[in-house]
Amino acid sequence: MQSEILKGLSEAQRAAVVNFEHPSLIIAGAGSGKTRVLTSRIAYMIEQGVKPWQILALTFTNKAAAEMRERIERMVGDGSRYIRMGTFHSVFSRILRENAERIGYPTSFTIYEPNDVKSLLKTIIKEMQLPDDKYKPNVIASRISMAKNALITPGAYLAKTIYATEDRQAQIPEFGHIYNEYCRRCKHNGAMDFDDLLLQTNILLKDCPDVLAKYQEQFQYILVDEYQDTNYAQYIIIRRLSQLHGRVCVVGDDAQSIYSFRGAKIENILSFRNDYPAAQVFKLEQNYRSTRTIVNAANSIIKKNARQLEKTCFSQGDEGEKIRILKAYTDREEAEMVVGDLRDKLRETGDRWSEAVILYRTNNQSAVLEDNLRRRGIPYRIYKGSSFYDHKEIRDLMGYIRLVINPRDDEAFKRIVNYPARGIGDTTVERIAQLAAARQTSMWEAVDQLIEEPAEDAVTRAIVRKVKEFVGLIRSLSLARTTMGLYDFGLEIANKSGILPLYRQDNSPENASALSNIEELLNSMQEFKERVDAEIRGGEREAEEEATIEEWLQGVMLMTDMDSDDPDDQNKVTLMTVHSAKGLEYKYVYIVGLEENLFPSMRAAESAEGIEEERRLFYVALTRAKCAATISYAEMRFKWGNMEFSRPSCFLREMDPAYIESEVDFRAERQRPAPSEEGVQAIDELRRRFDYRFQQKRQEGASAGSYGQRTGYGSTYPSRPSDGESGRVQRFTRQNDPYRKQGSTSYPNTRTQFDGQVKSAIDTLKGEPRRLVRTASAPTPSATPSSCAFHAGDRVEHPTFGRGEIMRIEQANGDWKLVVEFPNVGQQKTLLAKFAKLRKL
DNA sequence: TATGATATCCTTTTT
DNA sequence: GGATATCATA
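All the letters of the first sequence, read from the start, carry residue numbers 6 to 846 under my numbering.
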């Protein structure tokens with residue numbers, strides 16, 4: 006009799022499900038039913054007699070893990086609970102906790118979130134007296150992360166000269182020592198960062214053969230979802246665990262590998278067959294999601310990539326409509342067009358708002374779209390992968406909990422010792438830190454010693470009293486932990502710490518949201534306790550393994566906002582980055598900002614691999630669409646407060662024209678020269694005039710209530726003309742409007758006029774740029790790009806850096822970059838001619 | 001020690 | 001432009 010599980014599966018899917026005794030590579034094209042195959046495979050294994058606890062299933066998100074568990078439970082029932090299934094980080098943090106002492110960590114180790122990492126790095130950089138303009142915590146943190154993901158320990162790092170060379174070139178020669186000190190401190194504080202959860206797991210499995218053997222024995226079957234996104238550390242963990250039996254099943258799509266910037270190695274999936282020569286390969290090539298047009302168009306793009314696994318994705322669905330390409334003059338107009346089109350589309354089809362998504366490359370593109378949606382009264386939601394601890398109140402509360410669990414957690418200590426304010430100022434904290442450093446102890450222990458010491462003067466006595474109060478507070482919370490239930494304990498902390506009272510003081514909207522976050526945090530404690538109690542009743546847990554705050558904290562640290570689906574978000578248009586869209590599907594997909602230097606991004610354009618990854622990203626975006634995809638680009642857009650020209654993305658040209666319907670010729674524009682200084686200035690000028698005019702109108706119209714609500718453009722166009730004389734940026738006011746003084750009458754005062762001017766400006770630029778410059782050039786004579794007032798070798802004086810010599814001059818972005826050496830400062834500075842107040846000597 | 005002014009950063013970000 | 005961090009100041 007055939008298993009129920011196999012019913013309704015295609016030939017290819019079924020093969021991938023039933024052959025579970027060998028290493029398997031399941032190449033799952035977009036929309037090919039990947040999750041279904043993976044869950045069916047696990048369910049089938051259980052049905053065939055594999056014990057659930059012998060199965061290890063790893064995912065990248067909690068959400069994916071939860072969804073899989075749910076689906077498996079529907080197929081095989083309760084047994085699914087015993088499957089070890091979760092994210093890499095959560096599964097291995099649990100294993101680490103069970104074995105922490107073997108690698109020199111306390112069982113109660115806490116997890117440093119990115120803020121703690123940054124803060125600790127800042128401290129170290131300061132202590133080592135390194136210049137913080139070169140040693141940026143973010144840069145250092147990401148380099149450390151890369152090293153850990155590549156399993157390069159500080160020792161190994163310092164031993165290799167190649168890294169030292171790299172660091173010298175990057176002007177961070179001390180990086181290796183920072184890395185070393187960082188790791189030492191983390192360990193000393195009994196803390197691991199996210200990357201440690203993988204690195205330390207590797208160390209554990211390498212250094213403790215008995216532990217490795219135990220888990221090798223336990224996990225007879227290992228399944229990995231989204232294998233194309235695994236990094237080296239994850240790859241090695243999988244190799245180690247599967248070394249004996251080799252029963253590894255990886256599922257993924259190399260065409261959707263988009264996380265290399267976080268250390269993911271597409272090579273892992275590309276060379277799986279070399280790593281596991283006995284591997285069977287299953288290809289899921291039929292797309293059940295999208296129209297033929299979408300799938301074929303996506304194929305036509307991805308085939309430009311050199312490195313990929315061979316496969317032919319196809320759809321047997323409708324042909325569907327062609328992909329449309331919209332062109333706008335500005336980012337604002339792009340939003341207008343896209344949202345307008347989206348609204349028309351849904352009106353026409355009668356579909357709900359939630360069937361549509363707008364995808365962009367970078368988060369800051371969402372602002373204009375939001376603006377437009379809001380104005381039209383269209384419900385939308387922005388899907389942003391923020392962490393729980395992105396909320397300050399959560400971070401603070403967690404600080405208390407962390408310190409109680411692990412008093413060595415210095416980052417937690419620093420965060421809460423004076424929050425809410427209790428008169429323990431920076432100098433006191435600094436002193437505690439120094440005491441701790443001198444005695445090689447944690448700050449918590451140092452504080453103990455501080456209050457033992459006799460206080461000489463009144464000021465010290467007052468401080469000691471305050472510190473004593475704090476110590477008493479933490480001690481009493483520590484005691485409460487042993488006597489109270491999980492939820493009560495959480496509430497006790499929220500109250501006694503003063504955080505809850507703080508937010509209860511008044512009911513501003515921000516406070517209300519903070520309170521609801523705190524409430525959510527406390528609720529999650531209760532939920533956790535109930536779940537564990539149920540497990541004890543069900544016999545999955547021993548009675549003495551009650552829910553502990555450690556266990557709860559561990560889970561919550563690895564949680565993101567995205568994991569909880571908000572029911573309020575029904576029937577809304579979704580806005581998100583392409584990255585966040587992976588794995589999701591929508592009937593109507595809008596992809597905006599298909600421009601060079603945006604999508605593909607500027608950084609990516611520097612390397613062939615970079616472009617390939619962007620191409621995969623575009624592939625991901627396109628294949629989210631079930632029915633129709635619309636792509637847009639703008640000729641210019643705001644970037645960092647400046648208007649910048651852009652050219653249509655090369656990806657538009659790469660798409661097979663057979664699947665495109667477009668009224669604009671995005672191909673011909675390849676010929677247009679790169680935006681010139683003149684062009685940028687001219688547009689800036691127009692923009693400014695328009696903006697000024699608009700402000701005036703709004704001021705007048707505010708009382709009359711007659712200001713263009715319907716189109717409502719221009720409210721946030723920047724008005725930031727730079728004054729060539731002083732080099733200072735000034736706010737634009739009636740008084741200093743140069744055009745007012747000149748008696749100019751050509752303010753555009755409607756959107757149409759404005760766009761008309763912009764259009765003619767662009768057309769003029771294409772033909773003869775010079776004329777426009779003369780008519781509309783800004784009054785900044787110093788910014789003439791063809792010549793620079795300074796020359797290499799000139800001696801100059803700077804108001805803060807003193808005297809120096811110009812070493813180099815480079816043309817840059819409408820100005821001149823001067824590399825100047827200042828002997829007084831002892832280093833080179835790169836200055837912009839327009840802004841630096843340099844005086845020729 | 002709280003607050004307003006100024007410097008600084010700015011792709012993507014599953015944990 | 002804009003959010004956030006750091007700084008100066010009373």
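By construction, the Cβ of each residue, glycine as well, lies at the ideal position given by its N, Cα and C atoms.
With distances taken from CA atoms, which of the options is nearest residue i?
| i | options | result |
| --- | --- | --- |
| Ile3 | Asn67, Asp346, Lys308 | In the structure as shown, the chain begins at 6 and stops at 846. Residue 3 is therefore absent and cannot be evaluated. |
| Thr582 | Phe650, Val362, Ile811 | Val362 |
| Asn576 | Arg107, Ser147, Glu52, Arg386 | Arg386 |
| Ile183 | Glu524, Asp431, Val422, Ser150 | Ser150 |
| Met403 | Ala443, Lys327, Glu497 | Glu497 |
| Gln7 | Gln53, Gly490, Thr40 | Gln53 |
| Gly181 | Ser585, Leu126, Val216 | Leu126 |
| Gly598 | Phe650, Lys153, Asp215 | Phe650 |
| His446 | Val422, Glu458, Ala426, Pro412 | As written in the sequence, residue 446 is Thr, which differs from the His given in the question. If we check each option's Cα against that of Thr446, Pro412 comes out closest. |
| Met602 | Arg427, Tyr508, Glu640, Gly38 | The residue asked about is misnamed: residue 602 is Asn in this sequence, not Met. Cα-wise, what sits closest to Asn602 is Glu640. |
| Arg245 | Tyr424, Arg608, Val216 | Val216 |
| Thr367 | Pro384, Lys389, Phe277 | Lys389 |
| His193 | Glu106, Val144, Gln223, Tyr492 | Glu106 |
| Ile307 | Asp799, Val669, Leu627, His796 | Leu627 |
| Cys191 | Leu491, Phe643, Ile129, Pro653 | Ile129 |
| Gly588 | Leu63, Lys219, Gln261 | Gln261 |
Using a 10 Å radius around the Cβ and a threshold of 16 neighbouring Cβ atoms, would you call residue i buried or exposed?
| i | result |
| --- | --- |
| Gln291 | buried |
| Gly544 | exposed |
| Asn377 | buried |
| Trp645 | exposed |
| Lys12 | exposed |
| Thr3 | This structure leaves residue 3 out entirely; the chain is present only between 6 and 846. |
| Cys198 | First, the residue type needs correcting, since residue 198 is Asp and not Cys in the sequence shown. By the 10 Å Cβ count, Asp198 comes out buried. |
| Asn562 | The displayed chain sequence assigns Met, not Asn, to residue 562. It is buried - the Cβ of Met562 has at least 16 other Cβ atoms within 10 Å. |
| Ser612 | exposed |
| Met133 | exposed |
| Ile504 | buried |
| Asp121 | buried |
| Ala442 | exposed |
| Leu331 | buried |
| His27 | exposed |
Report the three-state DSSP secondary structure of residue i (helix, strand or coil).
| i | result |
| --- | --- |
| Lys471 | helix |
| Ile274 | helix |
| Phe418 | helix |
| Met50 | helix |
| Glu458 | coil |
| Lys12 | coil |
| Ile429 | coil |
| Lys316 | coil |
| Leu30 | strand |
| Met641 | strand |
| Tyr220 | helix |
| Gln261 | helix |
| Tyr237 | helix |
| Ala333 | strand |
| Glu551 | coil |
| Asp661 | coil |
| Gly495 | helix |
| Gln445 | coil |
| Gln610 | The sequence given here places Ala at residue 610; Gln does not occur at that position. Helix at Ala610. |
| Asn207 | helix |
| Ala284 | coil |
| Gly598 | coil |
Does the segment 226 to 235 touch the segment 39 to 59, meaning 3 or more C-beta pairs lie closer than 8 Å?
yes
Could I get the ranges of all uninterrupted beta strand (DSSP E) runs contained in the segment 100 to 182, with 3 residues as the minimum, in chain order?
115 to 117
Go through the segment 504 to 542 residue by residue and report every complete run of the alpha helix (DSSP H) that reaches 4 residues or more, in order.
504 to 509, 514 to 542
Report yes or no: do the segment 90 to 109 and the segment 200 to 210 share at least 3 C-beta pairs separated by less than 8 Å?
yes
At a cut of 8 Å, does the segment 282 to 297 reach the segment 317 to 332 through at least three beta carbon pairs?
yes
With three or more beta-carbon pairs closer than 8 Å as the criterion, would you say the segment 591 to 611 touches the segment 349 to 361?
yes
Could you check whether the segment 28 to 41 touches the segment 242 to 259, counting it as contact only if at least three pairs of C-beta atoms, one from each stretch, sit closer than 8 Å?
Segment contact: the segment 28 to 41 against the segment 242 to 259, three or more CB-CB distances shorter than 8 Å; contact assigned.
Stretch-stretch touch, CB-based, cutoff 8 Å, three pairs: the segment 235 to 245 with the segment 270 to 280:
yes
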